[in-house]
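Asks:
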Amino acid sequence: MSSSIIERYFTAFNSGDTDTMLALVSDDVQHFVNQGEMREGRAKFAEFCSHMGVSYRETLRDMVVFVNEDSTRAAAEFVVHGEYLQTDPGLPEAHGQRYVLPAGSFFTLSGGKITRITTYYNLQDWITQVSA
């Protein structure tokens, strides 16, 4: 397995193709979001994707993907270009604010599927941008 599964995942993300993203993750995927609790399972990941699709419109650019020698771990560095569409509980009010945010994701890969996704970004930077 090469970086192709990660590249397919992010291509699907950028085109809003949640079905393809879901097909690339394992049934018991562990999804660790920045500043949030771990969600386990494809159904919880699907709920997260649905929520994100309503609250945010994001495109990831300047993507660099790294994969270890035995293709069991991967990482990606990118820049999020987004628009805040609907207020997320506990966060500033949304009114179409745009933001640009460096971010990264880490993956565990097994059996041709993504079994873990961990994403990091600077939440305070995002809050500052959407509050300006």
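For the sequence shown, UniProt numbering puts the final residue at 132, and the numbers step up evenly by one. Ideal Cβ positions, reconstructed from N, Cα and C, are used throughout, including at glycine. None of the values given here were measured: they were computed from a predicted structure.
Just reading off the beta strand (DSSP E) that E47 is part of, what are its end residues?
Replies: Looking at the DSSP string, E47 is not in any beta strand (DSSP E); the run it does join, the alpha helix (DSSP H), is R42 to S55.
Asks: Residues bridged to L101 by DSSP?
Replies: L101 pairs with V80.
Asks: From the DSSP output, read off the bridge partner residues of H31.
Replies: Answer is R39 and I117, bridged to H31.
Asks: Should G41 and D27 be called a contact, given that it needs their Cβ atoms to be closer than 8 Å?
Replies: Cβ distance < 8 Å, so G41 and D27 count as in contact.
Asks: Using 10 angstroms around the beta-carbon of Y9, count the other beta-carbons present and answer buried if the total reaches 16, otherwise exposed.
Replies: That one is buried.
Asks: Return the first residue and the last residue of the alpha helix (DSSP H) that N68 is part of.
Replies: Element bounds for N68: n/a, residue is neither H nor E.
Asks: Around the Cβ of V100, are there at least 16 other Cβ atoms within 10 angstroms (buried) or fewer (exposed)?
Replies: V100 is exposed by the Cβ-count criterion.
Asks: Beta-carbon within less than 6 Å of V67's beta-carbon, same chain only, minus the 5 sequence neighbours each way: which residues are those?
Replies: Counting only Cβ-Cβ distances below 6 Å, and skipping sequence neighbours, we find S3 and A74.
Asks: Which residue's Cα is closest to the Cα of G112: L24, V29, T128 and S131?
Replies: The option with the nearest alpha carbon to G112 is L24.
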